[in-house]
Ligand SMILES: Cc1cc2nc3c(=O)[nH]c(=O)nc-3n(C[C@H](O)[C@H](O)[C@H](O)COP(=O)(O)OP(=O)(O)OC[C@H]3O[C@@H](n4cnc5c(N)ncnc54)[C@H](O)[C@@H]3O)c2cc1C
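Numbering (my numbering), first residue to last: 204 to 663.
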């Protein structure tokens, strides 16, 4: 490898790139990493972490309301957006510094620059430097898209800007039905804004179990979020004081902030992929094999830029597996099945495995177990909410193939349910597990009666 300046050049210092760089360096590789914005990437700077902090902030409203039924008398709480943003920024800066120091301790050379591929072994930096690398890892993540070019789209923000608004908008219109749109609807609404969510499809949270989708929508509406489906933004106009949003169908909605969360695109533009002859897959991401290797032997890609499963833990696993495979002598393939996932909406969603619809398409026999109940906490608080727990079982093997939950703690429950599902636990294993009382999760091991059972229709 001595013909090269480094053994590995990593383009992008987010979840996947940072992990790959650190592990490759620990395996003895000389590693350089370029980051054009801030180390830590989307997750740390303008994704999972700041979002969860905003979610926590938004949930205090409900806690204050709930407290009254438990005997608390509270002074009228008030909320200050700039304080939240300053405190959030401090935490993000702390995390960014921690990422920097971890990489430095691992002897990874960090370059604060945009990097592009000049050929299959050469990376060009912003200052004109060219670095020759035995291997190049592309870990450039994704970027928010805005969908169709509509009049006035320049007035809309994406989730990137939502984290840094100077003030909490009074009226927010969000276009999108995915987890980012739904989470921000909960954040803005919980903090006191009037929120309208507009989505072109039939129902929000496409890809999640249908019962979950209906349950979340109904609860969001109960909590005052206006959800309009089958429709999208046609135009945005600005006057001196506010924005006016015209929807397809003609409705006009006034707003102080319009946010688009209509899907993220793999960050592949102007990266020099053509110069290096790197192929793009049908999903718009960089095409890779199970070892994250592109069609060019010296170039690999991990994380959102490959558009496989766009979540932080997946990008981290892929980065780690790449480093172990190429520099650790331990070829490792990442299993992309049964990845647990959450929506930190109000109410929260946690899910792992097949939805009922997917199971019915895959399994000869599908059994469904469901529980819907008022959580104990809501009895004294009087909060109008219900929990949904659902197990999807392969009726022939008795294996639990899906677990879907809506309600407080759903994400935490999904992480543990994922262990059981990964271990191929059966419904009998769930039933044999002693309940932990009084919890919400205990219902997962006490559901005895099938709510539905389906045999797959014979193929024609
Ligand atoms: C609002 C939001 C909320 C999210 N919430 C969650 C969540 O709750 N849980 C979860 O698991 N996932 C969540 N995600 C997704 C998660 O953030 C991504 O899956 C993850 O960050 C992907 O990691 P990555 O390494 O592929 O890319 P990224 O983390 O995006 O890192 C890519 C890095 O490359 C840099 N870069 C790009 N091009 C270049 C270049 N040419 N030269 C140098 N640097 C470059 C970018 O600046 C960026 O820092 C969320 C995303 C968003 C937007």
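We put the beta carbon where it would ideally sit given N, CA and C, even for glycine.
So, at 6 Å on beta carbons, what are the nonlocal neighbours of residue i in its own chain, with the 5 sequence-adjacent residues on each side left out?
i           : result
residue 528 : 494, 534 and 535
residue 218 : 244, 246, 515, 518 and 519
residue 501 : 323, 324 and 338
residue 233 : 209 and 210
residue 330 : none
residue 573 : 593 and 654
residue 304 : none
residue 663 : Confidence in residue 663 is poor, its pLDDT being 45 and thus under 50, which makes the residue's placement too unreliable to answer from.
From residue i to residue j, what distance separates their C-alpha atoms?
i           : j           : result
residue 598 : residue 610 : 27 Å
residue 355 : residue 348 : 15 Å
residue 582 : residue 213 : 53 Å
residue 595 : residue 285 : 44 Å
residue 451 : residue 403 : 9 Å
residue 643 : residue 576 : 9 Å
residue 562 : residue 627 : 15 Å
residue 459 : residue 357 : 14 Å
residue 291 : residue 570 : 44 Å
residue 557 : residue 545 : 14 Å
residue 554 : residue 206 : 48 Å
residue 565 : residue 269 : 42 Å
residue 302 : residue 359 : 31 Å
residue 525 : residue 503 : 8 Å
residue 616 : residue 421 : 22 Å
DSSP three-state label for residue i, please.
i           : result
residue 637 : coil
residue 482 : coil
residue 429 : strand
residue 465 : coil
residue 247 : helix
residue 297 : helix
residue 544 : strand
residue 626 : coil
residue 261 : helix
residue 221 : helix
residue 588 : coil
residue 537 : coil
residue 377 : strand
residue 370 : coil
residue 489 : strand
residue 355 : coil
residue 407 : coil
residue 385 : helix
residue 277 : coil
residue 651 : coil
residue 150 : This structure leaves residue 150 out entirely; the chain is present only between 204 and 663.
residue 283 : coil
residue 414 : helix
residue 319 : strand
residue 602 : strand
Could you name the residues that DSSP lists as bridge partners for residue i?
i           : result
residue 607 : 554 and 593
residue 569 : 597 and 657
residue 312 : 235
residue 505 : DSSP, once it has assigned bridges, lists no residue as partnering residue 505.
residue 664 : Residue 664 lies beyond the range of the chain shown here (204 to 663); nothing can be said about it.
residue 447 : 440 and 457
residue 345 : 469
residue 402 : 432
Just to confirm my understanding: we take residue i, look at its own chain, exclude 5 residues before and 5 after, and list those with CB closer than 7 Å. What are they?
i           : result
residue 428 : 388, 392, 398 and 400
residue 147 : Because the chain is modelled from 204 through 663, residue 147 falls outside the range shown and cannot be assessed.
residue 449 : 437, 438 and 455
residue 639 : 645
residue 344 : 215, 217, 244, 245, 470, 506, 507 and 508
residue 468 : 345, 346, 348 and 487
residue 585 : 272
Tell me whether residue i, by its Cβ, gets closer than 7 Å to a heavy atom of ligand 1.
i           : result
residue 331 : no
residue 225 : no
residue 481 : no
residue 514 : yes
residue 507 : yes
residue 238 : yes
residue 383 : yes
residue 348 : no
residue 246 : yes
residue 317 : yes
residue 251 : yes
residue 518 : yes
residue 392 : no
residue 362 : yes
residue 218 : yes
residue 345 : yes
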